[in-house]
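Student:
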Amino acid sequence: MVVILSSYAARYMVYVSYQLNKSYITAVYCVNKNKPWLHCNGHCFLMKKLRQAEDKEKQQRTGQQEKFQEALFPIHQSITFFTTVSLIDFPRSWSGSPVNIALLIFHPPPPIIGA
Numbered sequence: 000m001v002v003i004l005s006s007y008a009a010r011y012m013v014y015v016s017y018q019l020n021k022s023y024i025t026a027v028y029c030v031n032k033n034k035p036w037l038h039c040n041g042h043c044f045l046m047k048k049l050r051q052a053e054d055k056e057k058q059q060r061t062g063q064q065e066k067f068q069e070a071l072f073p074i075h076q077s078i079t080f081f082t083t084v085s086l087i088d089f090p091r092s093w094s095g096s097p098v099n100i101a102l103l104i105f106h107p108p109p110p111i112i113g114a
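Last residue of the sequence shown? That's 114 in numbering that gives the first Met the number 0, and every number before it is there in order.
(1) Rounded to whole angstroms, what's the CA-CA distance from glutamate 53 to methionine 12? Just pull it up for me.
(2) In the DSSP assignment, find the alpha helix (DSSP H) that holds valine 27 and state where it starts and stops.
(3) Do you know offhand how far tyrosine 23's Cα is from glutamate 56's?
(4) Let me know the secondary structure DSSP gives lysine 34 once reduced to three states.
(5) So is threonine 182 buried or exposed if we call it buried at 16+ other beta carbons inside 10 Å?
(6) Look at the alpha carbon of glutamine 59 and the alpha carbon of leucine 86, and state the distance between them as a whole number of angstroms.
(7) Relative to the C-alpha of glycine 41, which candidate in Pro109, Val27 and Ile111 has its C-alpha closest?
(8) Distance, Cα to Cα, tyrosine 14 vs leucine 49?
(9) When you compare the CB positions of tyrosine 45 and tyrosine 17, do they come within less than 9 Å of one another, or not?
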């Protein structure tokens with residue numbers, strides 16, 4: 000969470016740093032300091048730093064997306080939806096009816112008289 004917030008705050012920190020050090024940046028880093036009629040005042044340096052911060056932010060976002068995708072969807076995992084079912088091989092002598100069952104246990108219930 001801190002990494003995400005710090006990556007988004009990088010652009011704002013560049014801008015705040017520019018505002019606090021505007022005169023120094025204009026005097027030292029400005030490409031157009033020899034052309035005062037352009038009124039650059041170090042905006043060229045600011046734009047360059049903002050571009051760098053944006054590129055770094057994009058790299059971090061793509062890295063985070065890859066990590067997120069790897070966490071949710073492992074790439075090298077095989078998923079099996081169907082499993083093989085082994086068939087039961089019945090002996091050929093099987094007739095399909097129960098064998099050796101005591102017939103005394105299985106009988107219909109007695110009728111209810113008087114209902």
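C-beta atoms are modelled at their ideal positions from N, C-alpha and C, and glycine is treated no differently.
Tutor: A quick look at the data gives this:
(1) The residue labelled residue 53 in the question sits at position 54 within the sequence shown. The residue labelled residue 12 in the question sits at position 13 within the sequence shown. One C-alpha to the other measures close to 12 Å.
(2) The residue you call residue 27 lines up with position 28 of the sequence shown. Valine 27: member of the alpha helix (DSSP H) spanning 21-27, first to last residue.
(3) Position 24 of the sequence shown, counted from the first residue, corresponds to residue 23. Position 57 of the sequence shown, counted from the first residue, corresponds to residue 56. The alpha-carbon atoms of tyrosine 23 and glutamate 56 are separated by roughly 26 Å.
(4) Reading the sequence shown from its first residue, position 35 is the one you call residue 34. Looking at lysine 34 - three-state DSSP - the assignment turns out to be coil, as it is neither helix nor strand.
(5) Only positions 0 to 114 of the chain appear in this structure, which leaves residue 182 out of reach.
(6) As a position in the sequence shown, residue 59 is number 60, starting the count at 1. As a position in the sequence shown, residue 86 is number 87, starting the count at 1. Cα to Cα, glutamine 59 sits roughly 54 Å from leucine 86.
(7) Stepping through the sequence shown from its first residue, residue 41 is reached at position 42. Relative to the Cα of glycine 41, the nearest Cα in the group Pro109, Val27 and Ile111 belongs to Val27.
(8) As a working mapping, residue 14 is identified with position 15 in the sequence shown. As a working mapping, residue 49 is identified with position 50 in the sequence shown. Straight-line Cα distance between these residues: approximately 8 Å.
(9) In the sequence shown, residue 45 corresponds to position 46, counting from 1. In the sequence shown, residue 17 corresponds to position 18, counting from 1. What sits at residue 45 in the sequence shown is leucine, not tyrosine. For leucine 45 and tyrosine 17, yes; Cβs fall inside 9 Å.
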